[in-house]
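Enquirer: Just passing along the structure, written as structure tokens.
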RNA sequence: GCUGUCGUGGUGAAACUUGGUAGACACGCCAGCUUGAGGGGCUGGUGGGGGUUACCCCGUGGAGGUUCAAGUCCUCUCGACAGCACCA
């Protein structure tokens with residue numbers, strides 16, 4: 007019988023489904039294991055990235071289950087988001103309709119892959135039964151001051167028609183529209199106070215032993231903690247004081263001017279009525295029009311304008327001119343800096359351009375410096391000069407003393423500063439969870455009453471051509487009564503960032519139908535935290551940082567009892583493929599290429615670089631087509647075999663053929679010898695003494711069990727696990743082809759090898775394994791079978807090969823009994839004919855014996 | 001510029017936890033067998049150089065070092081990728 011993946015995959019999927027074997031319930035007698043893959047956005051259909059991610063997860067889930075763990079393996083949908091709105095406008099449907107149609111479609115695709123999800127726990131974040139709890143959590147956060155509203159400069163994406171969080175801006179562009187520059191806009195937005203938790207999120211990075219180092223590093227960098235001082239500079243001719251943050255208080259005596267970020271609100275106040283006012287205002291306007299990424303990037307020339315005002319250096323009493331400057335960041339430190347041109351390259355360039363004097367305050371130990379001769383700032387260490395009572399001190403150790411000195415006079419203090427900003431969660435979009443706030447002209451901003459939740463998104467309204475949320479134009483949504491005075495009031499029409507939904511969804515899988523609150527503590531306590539989380543590296547900061555923050559909030563609100571949601575994290579690499587381009591037709595789909603020529607014009611195709619699969623580059627492979635052609639098992643094993651999970655996977659059509667061939671080879675192993683194997687007695691350990699090749703095969707079987715177990719358990723190295731299974735299969739074939747007479751004992755050992763192969767393969771390629779297991783005469787389902795263990799005695803050998811080296815180079819090998827002592831090995835080695843030849847009477851200076859491994863003779 | 005990851009055959013990759021036979025396993029390629037052909041299957045070969053064989057020399061980006069022994073450890077250096085980037 008031929009291997010027919012389509013038939014057996016359909017059969018087993020239906021069978022598993024009818025038995026409900028993927029359903030999970032709490033069981034205090036069993037050890038729980040929560041395996042989670044990042045849930046997908048329901049874009050329409052699954053792509054190879056999903057397939058790889060979810061295959062890796064499924065292997066672990068099935069493996070852990072066979073190990074006897076109570077495994078939670080859920081799946082759901084990150085269902086709010088902009089594409090739904092755009093698609094809805096384009097297709098004249100509703101985001102709700104579009105989203106749920108996609109969910110249905112993708113769900114059937116996932117089922118076709120044979121993934122072992124407990125679909126009873128499925129959640130979709132656009133379901134009011136989900137987002138009502140998110141709104142409740144928002145209200146609790148609002149109560150505690152962790153959600154607040156403020157007016158400031160925000161990052162605005164014109165394409166999305168919405169505000170973005172700082173984390174969602176990449177290279178000055180929107181993370182979804184990489185060619186759309188983000189612009190600054192001053193407006194009201196809602197924020198989550200992630201900065202309150204920055205310190206703890208940073209500290210506990212050390213505890214995330216199961217996370218990849220680079221993700222931790224990225225989070226640390228993003229939080230960006232630095233130690234420095236706040237120094238107060240009096241504004242000349244005024245009672246006002248300007249706060250400045252610096253990590254270099256040691257250079258304070260060399261500060262000769264001050265720079266403000268253009269956005270700084272004090273700036274406009276300061277110049278009022280001065281002759282410079284008009285010029286300064288136009289500079290501000292001009293600078294702010296330039297995208298802030300370009301404006302504040304390294305290669306942009308430093309530019310500024312004198313405001314006409316001065317401040318006083320609090321230690322030297324010098325008048326320092328105040329500038330507005332393009333390179334000063336508004337959202338870092340205080341938005342104003344003290345400039346020390348002699349010891350900071352940026353300040354140096356600025357000072358040269360605007361003829362501002364330099365004062366040298368740090369002298370390097372090995373040479374003299376003169377400000378007139380300097381061509382660049384001196385940023386190294388040295389001894390303080392021109393620094394009053396601090397002269398002669400080392401600049402590093404003087405940092406604290408100077409701050410101390412300022413502190414005693416009430417004009418400065420030590421502080422820590424973070425790069426991370428509060429999370430802007432307001433989105434001026436329709437397809438998201440409404441922010442549960444009501445504005446009343448008499449009573450102000452008020453939270454929606456808990457009993458009135460959820461604030462439902464109106465489903466029957468017209469989307470606006472050209473984008474933008476319809477909510478502010480839809481009285482049926484925003485008209486409401488004030489919760490306090492019952493007078494007419496208006497709802498908040500901003501919705502929440504979709505990253506809010508994904509910051510807590512993993513908890514909800516523990517209790518997807520819970521009606522009394524966001525989370526059922528008993529169940530969450532049983533399942534959480536997630537033991538293994540698997541997903542793409544692109545969420546290293548966004549989702550993974552937000553989730554760590556949100557979990558801390560949930561803990562403080564009493565909803566959960568842990569701070570870190572994900573114990574172990576695996577970031578899988580991207581699925582890549584080379585691009586193919588035609589000179590006239592641009593990127594080509596594989597179907598548009600024949601014999602390396604473009605099918606439209608016959609031009610030779612140019613093979614490009616290997617990059618992430620994407621629709622825009624047309625270098626995509628549709629998982630559906632592959633499953634049609636080879637079956638899900640082949641697709642699964644190819645993804646697992648081609649490279650280790652954390653590395654990028656290069657798509658290779660021939661590799662898929664190879665994977666298919668391997669499964670056929672495994673299939674035939676059983677199919678070609680069906681009679682003998684079916685009749686063979688299972689291995690019981692009472693077979694008597696095995697000898698020769700049969701003993702070798704028996705040993706190989708158990709070596710493979712050991713290796714595969716270690717590879718999956720300790721490292722998720724499925725590629726080497728598979729190669730080990732391939733070796734075992736090759737070994738069985740070799741034995742079948744070489745052994746002349748095969749008696750009962752032989753078939754028992756062969757059967758044992760094949761049974762082991764099937765069990766070891768079962769998490770990787772569950773359908774073919776299930777079918778073969780049935781053919782072998784078993785009634786139970788593989789998920790309910792125990793993972794095989796190896797027999798220690800099977801691994802034992804009598805003889806071992808020792809490598810003989812002369813001066814570190816392999817020259818010969820000998821077999822010695824395992825029990826040999828070092829002396830016996832040494833003796834045997836020195837008697838070896840080839841070795842004697844090699845030494846050729848040379849004087850032996852040293853002999854190193856490594857037991858069970860090698861002998862190295864130094865001559 | 002800072003931070004991190006990584007450099008191994010024609011290709012994907014093993015060996016890295018513990019310094020001890022470099023290239024397992026596969027893809028591709030070559031030869032042979034099988035088949036009416038195609039496909040498929042089977043057997044063998046496949047890092048580079050030399051030699052009729054036996055076998056020898058070289059080889060893990062490069063240069064040093066530690067060691068009986070280095071892909072693995074240390075120092076320097078070159079290159080690739082990723083993240084952050086005028087962070088005061």
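In my numbering, the protein residues as written are 7 to 865.
For each residue, glycine too, the CB sits at the ideal point set by N, CA and C.
Computed from a prediction, not measured in an experiment: that's the story for all the values here.
1) Which same chain residues, not among the five before or five after residue 505, have their C-beta less than 7 angstroms away from its C-beta?
2) Identify, in the order they occur along the chain, each residue of the same chain with its Cβ nearer than 7 angstroms to the Cβ of residue 495, setting aside the five sequence neighbours on each side.
3) Whole angstroms are fine: how far does the CA of residue 276 sit from the CA of residue 316?
4) Thinking residue 708 and residue 782 are a contact (beta carbons under 8 angstroms), I'd like their distance in whole angstroms, please.
5) Which of the three DSSP states is assigned to residue 170 in this structure?
6) Judging by CA-CA distance, which residue of 755, 199, 250 and 652 is the nearest neighbour of residue 238?
7) Do you know how far the Cα of residue 758 is from the Cα of residue 868?
8) Work out the CA separation of residue 641 and residue 665 for me, nearest whole Å.
9) So, under 8 angstroms CB-CB, residue 268 and residue 290 are touching, yes? Tell me the CB distance rounded to an integer number of Å.
10) Could you tell me which of 860, 328 and 634 sits nearest to residue 247, measuring between CA atoms?
11) What did DSSP end up calling residue 73 once you bin it into helix, strand or coil?
12) If the criterion is Cβ atoms closer than 8 angstroms, does the pair residue 94 and residue 469 meet it?
13) So is residue 204 buried or exposed if we call it buried at 16+ other beta carbons inside 10 Å?
14) Would you check if the region 32–48 and the region 708–726 touch, i.e. whether three or more CB-CB distances between them fall below 8 angstroms?
15) Buried or exposed, going by whether 16 or more other CB atoms sit within 10 Å of the CB of residue 451?
16) Can you grab the Cα-Cα spacing for the pair residue 820 / residue 734, in whole Å?
17) List the DSSP bridge partners of residue 808.
18) Which whole runs of the alpha helix (DSSP H) in the region 392–422 are 4 residues long or more, in chain order?
19) Under 8 angstroms, do residue 366 and residue 348 count as touching if we go by C-beta distance?
20) Would you mind sorting residue 685 into buried or exposed? The rule is 16 or more other CB atoms within 10 Å of its CB.
21) Can you name the start and end residues of the beta strand (DSSP E) that residue 192 belongs to?
22) Secondary structure at residue 458, three-state DSSP: helix, strand or coil?
23) In the DSSP assignment, find the beta strand (DSSP E) that holds residue 158 and state where it starts and stops.
24) Pull up the distance between the alpha-carbon of residue 389 and that of residue 653, whole angstroms please.
25) Can you say whether residue 714 is buried or exposed, counting buried as having 16 or more other CB atoms within 10 angstroms of its CB?
26) Below 7 angstroms CB to CB, which residues in the same chain sit around residue 208 once its five sequence neighbours on both sides are set aside?
27) Would residue 433 and residue 169 qualify as a contact pair, given that the criterion is a beta-carbon distance under 8 angstroms?
28) How long is the line joining the alpha carbons of residue 53 and residue 418, rounded to whole angstroms?
29) Rounded to the nearest angstrom, what separates residue 526 and residue 519 at their Cα positions?
30) What is the rounded straight-line gap between the Cα of residue 718 and the Cα of residue 838?
31) Check residue 436 in the structure and name its three-state DSSP category.
32) Might you give, ordered along the chain, the residues of its own chain that have their beta carbon closer than 8 angstroms to the beta carbon of residue 188, omitting 5 neighbours on each side?
33) Is it true that the CB of residue 143 sits closer than 8 angstroms to the CB of residue 524?
34) If you drop the 5 nearest sequence neighbours on each side, which residues of the same chain put their C-beta closer than 6 angstroms to that of residue 85?
35) Taking buried to mean at least 16 other C-beta atoms within 10 Å of its own C-beta, is residue 373 buried or exposed?
36) Can you list, in chain order, the residues of its chain with a C-beta nearer than 6 angstroms to that of residue 730? Leave out the 5 residues immediately preceding and following it.
Expert: This is what the structure gives:
1) Stepping through the first chain from its first residue, residue 505 is reached at position 499. Within the same chain, 548, 549 and 552 come within 7 angstroms of residue 505 by CB-CB distance, once the 5 residues on both sides are set aside.
2) What you label residue 495 is simply residue 489 of the first chain in a count that begins at 1. Cβ within range, chain order: 444, 445, 446, 486, 487 and 488.
3) Along the first chain, read from residue 1 onward, the residue named residue 316 stands at position 310. Along the first chain, read from residue 1 onward, the residue named residue 276 stands at position 270. Rounded to whole angstroms, the separation of the alpha carbons of residue 276 and residue 316 is 10 angstroms.
4) As a working note, residue 708 is residue 702 in the first chain. As a working note, residue 782 is residue 776 in the first chain. Their Cβ separation, rounded to whole angstroms, is 18 angstroms, which puts residue 708 and residue 782 out of contact at 8 angstroms.
5) For the purposes of this step, residue 170 is taken as the residue at position 164 of the first chain. Residue state, collapsed to three classes: strand.
6) What you label residue 238 is simply residue 232 of the first chain in a count that begins at 1. Of the candidates 755, 199, 250 and 652, the one whose C-alpha sits nearest the C-alpha of residue 238 is 250.
7) Since the first residue shown for the chain is 7 and the last is 865, residue 868 is missing from the structure and cannot be characterised.
8) By one-based count along the first chain, residue 665 stands at place 659. By one-based count along the first chain, residue 641 stands at place 635. Whole-angstrom Cα-Cα distance: 8 angstroms.
9) On the first chain, residue 268 is found 262 positions in, with the first residue counted as 1. On the first chain, residue 290 is found 284 positions in, with the first residue counted as 1. About 5 angstroms separates the two Cβ atoms, so the contact holds.
10) Within the first chain, the letter at position 241 stands for residue 247. Among 860, 328 and 634, the Cα nearest to that of residue 247 belongs to 328.
11) By 1-based counting over the first chain, the position of residue 73 is 67. Three-state DSSP puts residue 73 in coil, outside helix and strand.
12) Locating residue 94 in the first chain gives position 88, counting from the first residue. Locating residue 469 in the first chain gives position 463, counting from the first residue. Contact: yes.
13) Locating residue 204 in the first chain gives position 198, counting from the first residue. Looking at its Cβ environment, which holds 16 or more other Cβ atoms inside 10 Å, residue 204 is buried.
14) Flag = no, the region 708–726 and the region 32–48 do not touch.
15) Here residue 451 is taken as the residue at index 445 of the first chain, counted from 1. Answer is exposed; the Cβ neighbour count stays below 16.
16) Here the question's residue 820 lines up with position 814 in the first chain. Here the question's residue 734 lines up with position 728 in the first chain. Residue 820 and residue 734: Cα-Cα distance of roughly 25 angstroms.
17) As a first step, residue 808 is located in the first chain; it is residue number 802 there, counting from the start. Its beta-bridge partners are 820.
18) Within the region 392–422, complete alpha helix (DSSP H) segments of at least 4 residues are found at 401–414, given in chain order.
19) Your numbering for residue 366 matches position 360 in the first chain. Your numbering for residue 348 matches position 342 in the first chain. Yes, Cβ-Cβ distance for residue 366 and residue 348 is below 8 angstroms.
20) Against the first chain, residue 685 aligns to sequence position 679. By the 10 Å Cβ count, residue 685 comes out exposed.
21) In the first chain, the residue the question calls residue 192 occupies position 186. If you look at residue 192, you'll find it in the beta strand (DSSP E) that goes 189–198.
22) Taking the first residue of the first chain as position 1, residue 458 is located at position 452. Three-state result, residue 458: helix.
23) Residue numbering aside, residue 158 sits at position 152 when the first chain is read from its first letter. Run containing residue 158: 153–163, per the beta strand (DSSP E) assignment.
24) Here residue 389 corresponds to residue number 383 of the first chain, with the count starting at 1. Here residue 653 corresponds to residue number 647 of the first chain, with the count starting at 1. Each residue's alpha carbon lies about 49 angstroms from the other.
25) Residue 714 sits at position 708 when you count from the first residue of the first chain. Note on residue 714: 16 or more other CB atoms within 10 angstroms of its CB, so buried under the neighbour-count rule.
26) For the purposes of this step, residue 208 is identified with residue 202 of the first chain, where counting begins at 1. If we look at residue 208 and ignore the five residues flanking it on each side, its Cβ neighbours are 226, 229 and 231.
27) If you number the first chain from 1, residue 433 lands on position 427. If you number the first chain from 1, residue 169 lands on position 163. Residue 433 places its beta carbon less than 8 angstroms from that of residue 169.
28) By 1-based counting over the first chain, the position of residue 53 is 47. By 1-based counting over the first chain, the position of residue 418 is 412. C-alpha separation (whole angstroms): 56 angstroms.
29) Residue numbering aside, residue 526 sits at position 520 when the first chain is read from its first letter. Residue numbering aside, residue 519 sits at position 513 when the first chain is read from its first letter. Rounded to whole angstroms, the separation of the alpha carbons of residue 519 and residue 526 is 9 angstroms.
30) By one-based count along the first chain, residue 718 stands at place 712. By one-based count along the first chain, residue 838 stands at place 832. The alpha-carbon atoms of residue 718 and residue 838 are separated by roughly 41 angstroms.
31) Within the first chain, the letter at position 430 stands for residue 436. In the three-state DSSP reduction, residue 436 falls in the coil class, being neither helix nor strand.
32) Locating residue 188 in the first chain gives position 182, where the first residue counts as 1. So the list reads 161, 162, 163, 170, 175, 178, 179, 180, 297, 298 and 299, once near-sequence residues are dropped.
33) Along the first chain, read from residue 1 onward, the residue named residue 524 stands at position 518. Along the first chain, read from residue 1 onward, the residue named residue 143 stands at position 137. For residue 524 and residue 143, yes; Cβs fall inside 8 angstroms.
34) Here residue 85 is taken as the residue at index 79 of the first chain, counted from 1. Around residue 85: 48, 105, 130, 131 and 132.
35) Locating residue 373 in the first chain gives position 367, counting from the first residue. Answer is exposed; the Cβ neighbour count stays below 16.
36) Looking up residue 730 in the first chain gives position 724. Residues 710, 713 and 714 of the same chain have their beta carbon placed closer than 6 angstroms to that of residue 730, with the five preceding and five following residues left out of the count.
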